[in-house]
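S.K.:
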Amino acid sequence: AAGVIQSPRHLIKEKRETATLKCYPIPRHDTVYWYQQGPGQDPQFLISFYEKMQSDKGSIPDRFSAQQFSDYHSELNMSSLELGDSALYFCASSPRPDSPLHFGNGTRLTVT
Amino acid sequence: AQKVTQAQTEISVVEKEDVTLDCVYETRDTTYYLFWYKQPPSGELVFLIRRNSFDEQNEISGRYSWNFQKSTSSFNFTITASQVVDSAVYFCALSEARNYGGSQGNLIFGKGTKLSVKP
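Protein chains in written order, with the working numbering: chain A, 48 to 159; chain B, 9 to 127.
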């Protein structure tokens, strides 16, 4: 079965650079969620989209922005990267807002 | 405020032992969802189960079983006859149901329990 696809799998950036993470949800899933998981931490909700509109916002820094496109894929844009942004970034999708989330394999971002 | 507590940070067992992972939650909502996710060393988050607050039936899936008790705000997870492949971090999570349709909103995760199963 198709799963949530995230790219890239690994990303290394320097401080103050920008990064763009991409997420391709499972086909026919119209809800996308982004989570950040720091080393040894639990995942923290950043932001979600339903039918291309932002549906909920969590602890997403102002330096980050995200959007969901007409084909339902989503991108998380991160600017002025800081060392503390080093984390595993998960995207999840669900077919409806009331359905369980299915997570991708994550993008591991390292900021040096 | 919503909160999930997994008091066991790490558990180590020998293969074939049974192990129970504890999860206690706090919420003011009357309608909510509870989840368990598995995160193996490879890093992905694997969905195991979701329960809604109106369904207190226990569930069994193979070697996995879940005990949901609203009276004690607990949603415990038991692995029977553990195997080395069960070694992972297990997260319990909670979300509110935003409206009658059940929109689940975002997940509040516990800190996770790292389970090590030794041969």
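Every residue gets a Cβ at the ideal spot worked out from N, C-alpha and C, and that includes glycine.
1. Determine the direct distance from the alpha carbon of residue 126 of chain B to that of residue 97 of chain B, and round the result to whole angstroms.
2. Which partner residues of residue 61 of chain B appear in the DSSP bridge assignment?
3. What's the C-alpha gap between residue 51 of chain B and residue 70 of chain B?
4. Per DSSP, residue 42 of chain B is paired with what?
5. Which of the three DSSP states, helix, strand or coil, is assigned to residue 13 of chain B?
6. Under a three-way DSSP split, which group does residue 159 of chain A fall into?
7. Which value, in whole angstroms, describes the spacing of the CA atoms of residue 50 of chain A and residue 62 of chain B?
8. Could you work out which residue in A/105, A/81 and A/155 is closest to residue 140 of chain A when comparing CA atoms only?
9. Between residue 132 of chain A and chain B, is any beta-carbon pair separated by less than 9 Å?
10. Can you tell me whether residue 72 of chain A is buried or exposed? The criterion is at least 16 other CB atoms within 10 Å of its CB, across all chains shown.
11. Residues of chain B with a CB under 7 Å from the CB of residue 153 of chain A: which are they?
12. Across the region 14 to 33 of chain B and the region 51 to 62 of chain A, are there enough close Cβ pairs to call them in contact, namely three or more that are closer than 8 Å?
13. With a threshold of 9 Å between beta carbons, is residue 36 of chain B in contact with chain E?
14. Closest by CA to residue 88 of chain A, which one among A/150, A/143, A/153 and A/135?
15. Just how far apart, CA to CA, sit residue 14 of chain B and residue 44 of chain B?
16. Cβ of residue 82 of chain A less than 9 Å from any chain B Cβ?
17. Using the beta-carbon of each residue, which ones in chain A are nearer than 9 Å to residue 59 of chain B?
18. Using a beta-carbon distance below 9 Å, is residue 120 of chain B in contact with chain A?
19. For the beta strand (DSSP E) that contains residue 67 of chain A, what are its first and last residues?
20. So what does residue 52 of chain A bridge to, in DSSP terms?
21. Using a Cβ cut-off of 9 Å (strictly closer), state whether residue 45 of chain B contacts chain A.
22. To the nearest angstrom, report how far apart residue 66 of chain A and residue 125 of chain A are at their CA atoms.
23. Less than 9 Å between CB atoms is the rule here; does residue 89 of chain A satisfy it with respect to chain B?
M.R.: Taking the coordinates as given:
1. Numbered from 1 along the second sequence, position 89 holds the residue referred to as residue 97 of chain B. Numbered from 1 along the second sequence, position 118 holds the residue referred to as residue 126 of chain B. The alpha-carbon of residue 97 of chain B is positioned some 15 Å away from that of residue 126 of chain B.
2. On the second sequence, position 53 is the one that residue 61 of chain B refers to. As DSSP reads the structure, residue 61 of chain B sits in no beta bridge.
3. Stepping through the second sequence from its first residue, residue 51 of chain B is reached at position 43. Stepping through the second sequence from its first residue, residue 70 of chain B is reached at position 62. Looking at the two C-alpha atoms, the distance is approximately 23 Å.
4. Position 34 of the second sequence, counting from 1, holds the residue named residue 42 of chain B. Partner(s): B/59 and B/102.
5. Counting from one through the second sequence, the residue named residue 13 of chain B turns up at place 5. The three-state secondary structure of residue 13 of chain B, taken from DSSP, is strand.
6. Taking the first sequence and counting its residues from 1, one reaches residue 159 of chain A at position 112. The answer is coil: DSSP assigns residue 159 of chain A none of H, G, I, E or B.
7. Position 3 of the first sequence holds residue 50 of chain A. Position 54 of the second sequence holds residue 62 of chain B. Going from the Cα of residue 50 of chain A to the Cα of residue 62 of chain B covers about 29 Å.
8. Residue numbering aside, residue 140 of chain A sits at position 93 when the first sequence is read from its first letter. If we check each option's Cα against that of residue 140 of chain A, A/81 comes out closest.
9. Numbered from its first residue, the first sequence carries residue 132 of chain A at position 85. No, its Cβ sits nowhere closer than 9 Å to a Cβ of chain B.
10. Walking along the first sequence from the start, residue 72 of chain A turns up at place 25. Answer is buried; the Cβ neighbour count reaches 16.
11. Position 106 of the first sequence, counted from the first residue, corresponds to residue 153 of chain A. For residue 153 of chain A, the neighbours in chain B by C-beta distance under 7 Å run, in chain order, 51 and 52.
12. Counting C-beta pairs with one atom in each stretch, the region 14 to 33 of chain B and the region 51 to 62 of chain A have fewer than three that are closer than 8 Å, which means they do not touch.
13. Absence of chain E from the displayed structure is noted, the protein chains being A and B.
14. Along the first sequence, one-based indexing puts residue 88 of chain A at 41. Taking only the C-alpha atoms, the option nearest residue 88 of chain A is A/135.
15. Counting from 1 along the second sequence, the entry for residue 14 of chain B is found at position 6. Counting from 1 along the second sequence, the entry for residue 44 of chain B is found at position 36. Take the alpha-carbon of residue 14 of chain B and the one of residue 44 of chain B: they are about 11 Å apart.
16. What you label residue 82 of chain A is simply residue 35 of the first sequence in a count that begins at 1. With its beta carbon less than 9 Å from one in chain B, residue 82 of chain A belongs to the interface.
17. Within the second sequence, numbered from 1, the residue matching residue 59 of chain B stands at position 51. By Cβ distance, chain A contributes nothing, its closest Cβ being about 11 Å from residue 59 of chain B, past 9 Å.
18. Position 112 of the second sequence holds residue 120 of chain B. Flagged as an interface residue toward chain A: residue 120 of chain B, by a C-beta distance shorter than 9 Å.
19. The residue given as residue 67 of chain A occupies position 20 in the first sequence. For residue 67 of chain A, the uninterrupted beta strand (DSSP E) run begins and ends at 66 to 71, by DSSP.
20. Position 5 of the first sequence, counted from the start, is the residue given in the question as residue 52 of chain A. A/71, per the DSSP bridge assignment.
21. One-based indexing of the second sequence puts residue 45 of chain B at position 37. Taking Cβ atoms only, chain A reaches closer than 9 Å to residue 45 of chain B, which makes this a yes.
22. Your numbering for residue 66 of chain A matches position 19 in the first sequence. Your numbering for residue 125 of chain A matches position 78 in the first sequence. Straight-line Cα distance between these residues: approximately 5 Å.
23. Numbered from its first residue, the first sequence carries residue 89 of chain A at position 42. Contact of residue 89 of chain A with chain B is assigned, a C-beta pair being separated by under 9 Å.
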